[in-house]
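Asker: In the UniProt record's numbering, the protein residues as written are 1 to 321.
1. Looking only at its own chain, which residues have a Cβ that is under 8 angstroms from the Cβ of residue 314, when we skip the five neighbours before and after it?
2. Given a threshold of 16 other Cβ atoms within 10 Å of its Cβ, counted over all protein chains shown, does residue 231 qualify as buried or as exposed?
3. Could you tell me which of 307, 121, 158 and 146 sits nearest to residue 292, measuring between CA atoms?
4. Assign residue 195 to one of three DSSP states: helix, strand, or coil.
5. Helix, strand or coil for residue 148, going by three-state DSSP, please let me know.
6. According to DSSP, which residues form a beta bridge with residue 313?
7. Apply the 10 Å Cβ neighbour rule to residue 162 and answer buried if 16 or more other Cβ atoms are within range, or exposed otherwise.
8. With three or more beta-carbon pairs closer than 8 angstroms as the criterion, would you say the segment 149-156 touches the segment 184-193?
9. Note down, in chain order, each residue of its chain lying with its Cβ closer than 8 angstroms to the Cβ of residue 111, except the 5 sequence neighbours on either side.
10. Whole angstroms is fine: what's the gap from residue 190's alpha carbon to residue 228's?
11. Spatial neighbours of residue 123 within its chain, please: CB distance less than 7 angstroms, with the 5 preceding and 5 following residues excluded, ordered by chain position.
12. Going by DSSP, what residue range makes up the alpha helix (DSSP H) through residue 171?
13. Pick helix, strand or coil for residue 102, following the three-state DSSP scheme.
14. If contacts are defined as beta-carbon pairs under 8 angstroms, then residue 173 and residue 210 qualify, I think. What distance do you get, rounded to the angstrom?
15. Can the beta-carbon of residue 168 be found closer than 8 angstroms to that of residue 235?
16. Measure the CB-CB distance between residue 233 and residue 192 and report whether it falls below 8 angstroms.
17. The beta strand (DSSP E) spanning residue 203 covers which residue range?
18. Please look up how many angstroms separate the CB atoms of residue 285 and residue 216, rounded, as I've assumed it's under 8 angstroms.
19. So residue 57 is in the alpha helix (DSSP H); what residue range does that whole segment cover?
20. Using 10 angstroms around the beta-carbon of residue 97, count the other beta-carbons present and answer buried if the total reaches 16, otherwise exposed.
21. Please classify residue 197 as buried or exposed, where buried requires at least 16 other C-beta atoms within 10 Å of its C-beta.
22. Evaluate residue 103 with the Cβ neighbour count: other Cβ atoms within 10 Å of its Cβ, from every protein chain shown; 16 or more gives buried, anything less gives exposed.
23. Closest by CA to residue 296, which one among 282, 312 and 306?
24. Judging by CA-CA distance, which residue of 85, 114 and 175 is the nearest neighbour of residue 244?
25. What number of angstroms, rounded off, separates the C-alpha of residue 280 from the C-alpha of residue 266?
26. What does residue 307 pair with, by DSSP beta-bridge criteria?
27. From the DSSP secondary-structure annotation, give me the bridge partner or partners of residue 125.
28. With a CB to CB cut of under 6 angstroms and the five nearest residues on each side skipped, what residues in its chain are close to residue 271?
29. For a quick check, are the C-beta atoms of residue 68 and residue 48 less than 8 angstroms apart?
30. Using three-state DSSP, classify residue 234 as helix, strand or coil.
Here you go:
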């Protein structure tokens, strides 16, 4: 048959026809592979659309179809991350509601109980009446403190806590803070000492928020460091940062608790203190406020002391940037 074609059409036309047929066959095979690959991608996308986000679209050919598969995998990865973050946020919200409900219920139950005793005249004399009133008042103050902490933490987490930054001398601020806390420290059987070798360490910050940060750290030191009898505050300049250390000498924090100290509602074992626990938000608020100022905070603890170190960029470094 080949000889017949050669005699009929000549050599060149036959080779042209053969080449065309070979090219046509090659294109059919090439596009068939591409079609099968596109079909495989479509099946994978359908599988992922059913909620199987751990699956990946196979990436094989080095062409525009491969680019499509890679982009689809990237899109699925981002979608998976977004859904995981949404689940975390939902779990976090549920935990927040649970913890807040528990923490608010305790003082509220006490207030209702003691006010009920007073309302029913179930007290022996005026001394016992005043005792009930004092307990109810103390519980109401604690309830107010819990609500304030929760409100501030919620505002901070939602990004609705604006900073009114100005020039702040940390040395002066710490002196004022220790003077303000002199009586509460004495009532706790403690003393506060400021240690620094300079009269001025300046940062660009919101003074009210700085006070809140160090009030929380001092309150933590007074709660857990009473046995040590004192709180030391050390200020220094180091590598372009203002470094503040709040140190107490109570029982050490177990190493296993240190990574979680700044998590909201995380509390170290109650056996470390015989006093009523805090809201569980103080250190989380302090960390959030420090980071909002571009600073960092860390905790360290051993048999000798427990230290909270706060770092802020010096004002001169901020200007340079």
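We put the beta carbon where it would ideally sit given N, CA and C, even for glycine.
Values in this document were obtained by computation on a predicted structure and should not be read as measured data.
Answerer: Once the coordinates are examined:
1. For the purposes of this step, residue 314 is identified with residue 314 of the chain shown, where counting begins at 1. Excluding sequence neighbours, residue 314 sits near 201, 202, 203, 237, 240, 241 and 242.
2. The residue you call residue 231 lines up with position 231 of the chain shown. Result: buried.
3. Indexing the chain shown from 1 puts residue 292 at position 292. With distances taken between Cα atoms, residue 292 lies closest to 158.
4. As a position in the chain shown, residue 195 is number 195, starting the count at 1. Of the three classes helix, strand and coil, the one that applies to residue 195 here is strand, per DSSP.
5. Looking up residue 148 in the chain shown gives position 148. In the structure shown, residue 148 sits in a helix (DSSP, three-state: H, G or I).
6. By 1-based counting over the chain shown, the position of residue 313 is 313. Answer by DSSP bridge pairing, in chain order: 241.
7. Against the chain shown, residue 162 aligns to sequence position 162. That one is exposed.
8. no
9. Locating residue 111 in the chain shown gives position 111, where the first residue counts as 1. Hits under 8 angstroms: 136, 139, 140 and 143.
10. The residue labelled residue 190 in the question sits at position 190 within the chain shown. The residue labelled residue 228 in the question sits at position 228 within the chain shown. Between residue 190 and residue 228, the C-alpha separation is close to 8 angstroms.
11. Taking the first residue of the chain shown as 1, we reach residue 123 at position 123. The answer, listed in chain order, is 117, 129 and 132.
12. Working through the chain shown from its first residue, we reach residue 171 at position 171. Taken as a continuous stretch (DSSP letters only), the alpha helix (DSSP H) holding residue 171 covers 170-180.
13. As a first step, residue 102 must be located in the chain shown, where it is residue number 102. Reduced to three states, the DSSP call for residue 102 is helix.
14. As a first step, residue 173 is located in the chain shown; it is residue number 173 there, counting from the start. As a first step, residue 210 is located in the chain shown; it is residue number 210 there, counting from the start. At roughly 6 angstroms, the Cβ-Cβ gap stays under 8 angstroms, so residue 173 and residue 210 are in contact.
15. Translated into the one-based positions of the chain shown, residue 168 becomes position 168. Translated into the one-based positions of the chain shown, residue 235 becomes position 235. Cβ distance not < 8 angstroms, so residue 168 and residue 235 don't count as in contact.
16. If you number the chain shown from 1, residue 233 lands on position 233. If you number the chain shown from 1, residue 192 lands on position 192. Contact flag set, yes.
17. Position 203 of the chain shown, counted from the first residue, corresponds to residue 203. Run containing residue 203: 202-205, per the beta strand (DSSP E) assignment.
18. Residue numbering aside, residue 285 sits at position 285 when the chain shown is read from its first letter. Residue numbering aside, residue 216 sits at position 216 when the chain shown is read from its first letter. That pair is a contact at about 6 angstroms.
19. Taking the chain shown and counting its residues from 1, the one referred to as residue 57 is at position 57. No alpha helix (DSSP H) holds residue 57; DSSP gives it neither H nor E.
20. Indexing the chain shown from 1 puts residue 97 at position 97. By the neighbour-count rule (16 or more Cβ atoms within 10 Å), residue 97 is not buried but exposed.
21. Position 197 of the chain shown, counted from the first residue, corresponds to residue 197. Under this definition residue 197 is an exposed residue.
22. For the purposes of this step, residue 103 is identified with residue 103 of the chain shown, where counting begins at 1. The residue is buried, with at least 16 neighbouring Cβ atoms inside 10 Å.
23. Counting from one through the chain shown, the residue named residue 296 turns up at place 296. Of the listed residues, the one whose Cα sits closest to residue 296 is 312.
24. As a working note, residue 244 is residue 244 in the chain shown. The shortest Cα separation from residue 244 among 85, 114 and 175 belongs to 175.
25. Here residue 280 refers to the residue found at position 280 when the chain shown is read from its first residue. Here residue 266 refers to the residue found at position 266 when the chain shown is read from its first residue. Between residue 280 and residue 266, the C-alpha separation is close to 6 angstroms.
26. The count along the chain shown starts at 1 and reaches residue 307 at position 307. Bridge partners of residue 307: 247 and 300.
27. Against the chain shown, residue 125 aligns to sequence position 125. Paired residue(s): none; residue 125 is not in a bridge.
28. Position 271 of the chain shown holds residue 271. The pLDDT assigned to residue 271 is 48, lower than 50, so where the model puts this residue is not dependable; a value taken from the coordinates is nonetheless given after this. Counting only Cβ-Cβ distances below 6 angstroms, and skipping sequence neighbours, we find nothing.
29. Within the chain shown, numbered from 1, the residue matching residue 68 stands at position 68. Within the chain shown, numbered from 1, the residue matching residue 48 stands at position 48. Contact flag unset, no.
30. The residue given as residue 234 occupies position 234 in the chain shown. Here residue 234 sits in strand by DSSP.
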